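Worksheet: one structure, shown below.
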Ligand SMILES: Nc1ncnc2c1ncn2[C@@H]1O[C@H](COP(=O)(O)OP(=O)(O)O)[C@@H](O)[C@H]1O
Ligand SMILES: N[C@@H](CC(=O)OP(=O)(O)O)C(=O)O
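In the working numbering, the protein residues as written are 1 to 414.
Spelled out as structure tokens, the structure:
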């Protein structure tokens, strides 16, 4: 069994979906489970719908844009569009009916019920299209297989239930098409695994199916030493160890979701990151081998960060007790701390900015502490750094926090 993952960028248009078909056809003698994300930027668009709904603003126009985007793809892919168009309309109608029926109190839960439609629609279109083209496949509702708890927007996998459900997968099917990113809680509610979580879905299925390998098909030649959208100079890694890949993704390299590696490492399954436009190329392999390209510095950039300095109200030391209380607040709001530093009187932390949680975070912290913050700062993480790389990156920037370990430099700049 092979597991493939196609992200939104790979199926953003008609050509992308046709290309997915030709990649799958290259492996026609194998059994494949294909995990697909929402098309293009549809998750962001659905996120907009939820935000508008929450702010009690008009969301119908945004929903119409989502419908039109999918309809354009359908028009380019199908000879007979009647049935698939009706299915699309049903999904859009379901979102509308759902939002009209909820009270707006439970943001994370509402978010997951709406956002998950991106993956449901994309797999429906792709599976139906492949069947039309004679590439026979079975559409799977991943929510029946990938079982999670009810932590909406960051669901935890129930491994036992997931394994037993996946064990029941039909044996005589050569091609499965299923959704990334989403899961099912025990009460039949839909959950999501965290943004960009489709890679993780692929690795969960691979682990439970004891797959031969996972391949993530990307719009880049493999894992690169820097995001090509931000840097003109970069190199491709031919191979990364599981450890190096975990470190890079943990610090924010968006090319792979950070949770992807563990299930693969645990079952020693190799992960290939390959270019979908050149499937014959080797890409990058992530495996148990030793990482030998430490001479290449990997640069990871996280924009839109919030840097908060927290101190006590009565000039007392920042104690372990204070820090644990601060972390409790982060955990309660499900916020990830990217770097932290403490001195006698203050604790400074850099977090991903979340506009829906910002006010509550500051309010909760201010009940016990004095709080100062900088919005919209950038965090650079450089693995295997040297002074030349640091100098090049920091030129002309104002450094507000710097932390260097033997292998990693983390720098927050304005
Ligand atoms: N270290 C890296 N190596 C390769 N690509 C990277 C890296 N860091 C960031 N990226 C960016 O990730 C993009 C692919 O991610 P994304 O657009 O989310 O794809 P998908 O929709 O397939 O998940 C690339 O186009 C590239 O700009
Ligand atoms: N569609 C989801 C899940 C995902 O993994 O997407 P992508 O593979 O396009 O990064 C998201 O955008 O968060």
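C-beta atoms are modelled at their ideal positions from N, C-alpha and C, and glycine is treated no differently. Since the model is a prediction, treat every value here as computed from it, not as a measurement.
Proximity below 8 Å, CB of residue i to CB of residue j
i, j, result
"residue 128", "residue 145", "no"
"residue 217", "residue 78", "no"
"residue 209", "residue 1", "yes"
"residue 272", "residue 346", "no"
"residue 64", "residue 48", "no"
"residue 264", "residue 207", "yes"
"residue 301", "residue 230", "yes"
"residue 381", "residue 348", "no"
"residue 86", "residue 66", "no"
"residue 410", "residue 361", "no"
"residue 416", "residue 222", "Outside the modelled stretch of the chain, which goes from 1 to 414, sits residue 416, for which no answer is possible."
"residue 286", "residue 226", "no"
"residue 114", "residue 73", "no"
"residue 323", "residue 342", "yes"
"residue 125", "residue 92", "no"
"residue 305", "residue 353", "yes"
"residue 237", "residue 3", "no"
"residue 203", "residue 123", "no"
"residue 309", "residue 389", "no"
"residue 332", "residue 377", "no"
"residue 412", "residue 307", "yes"
"residue 99", "residue 70", "no"
"residue 335", "residue 321", "no"
"residue 224", "residue 235", "yes"
Top-ranked residue by Cα proximity to residue i, from the options
i, options, result
"residue 314", "336, 371, 330, 329", "371"
"residue 143", "120, 262, 200", "120"
"residue 139", "232, 173, 284, 187", "173"
"residue 105", "50, 130, 157", "50"
"residue 107", "55, 91, 66, 118", "55"
"residue 283", "262, 303, 255", "255"
"residue 156", "197, 124, 175, 224", "197"
"residue 118", "158, 103, 95", "95"
"residue 243", "267, 158, 289", "289"
"residue 183", "247, 211, 154, 385", "154"
"residue 10", "354, 277, 385", "277"
"residue 233", "305, 19, 393, 14", "393"
"residue 267", "211, 248, 310, 316", "211"
"residue 384", "160, 132, 405", "405"
"residue 80", "133, 99, 110", "133"
"residue 220", "279, 240, 241", "279"
"residue 26", "253, 135, 332, 123", "135"
"residue 281", "23, 397, 13", "23"
"residue 103", "89, 58, 53", "53"
"residue 369", "317, 141, 400", "317"
"residue 31", "241, 170, 367, 235", "170"
"residue 253", "356, 228, 403", "228"
"residue 33", "199, 248, 239", "199"
Within-8 Å CB hit, residue i to chain C
i, result
"residue 13", "Considering every chain present, this structure includes no chain C. It has just one protein chain."
- Query: Relative to ligand 2, what is the chain-ordered list of residues with a Cβ closer than 5 Å to any of its non-hydrogen atoms?
  - Reply: 7, 8, 37, 38, 43, 181, 195, 196, 198
*asked:* Under 8 Å, with one C-beta from each stretch per pair, do the region 147-155 and the region 184-199 reach the 3-pair mark?
replied: yes
Closer than 8 Å is the cut-off here; do at least three beta carbon pairs connect the region 34-49 with the region 174-186? yes
Could you tell me which uninterrupted beta strand (DSSP E) segments, each at least 3 residues in length, are contained entirely in the region 253-315, listed from first to last along the chain?
271-275, 284-287, 298-312
Entirely within the region 111-141 and at least 3 residues each: give me those beta strand (DSSP E) ranges in chain order. 138-140
Exercise for review: Could I get the ranges of all uninterrupted alpha helix (DSSP H) runs contained in the region 330-392, with 4 residues as the minimum, in chain order?
Suggested key: 358-368
- prompt: Taking the runs of the alpha helix (DSSP H) that are 4 residues or longer, which of them lie wholly in the region 142-177?
  reply: 159-167
| field | Segments of 4+ residues assigned as alpha helix (DSSP H) that fall wholly inside the region 54-79 | value | 60-77
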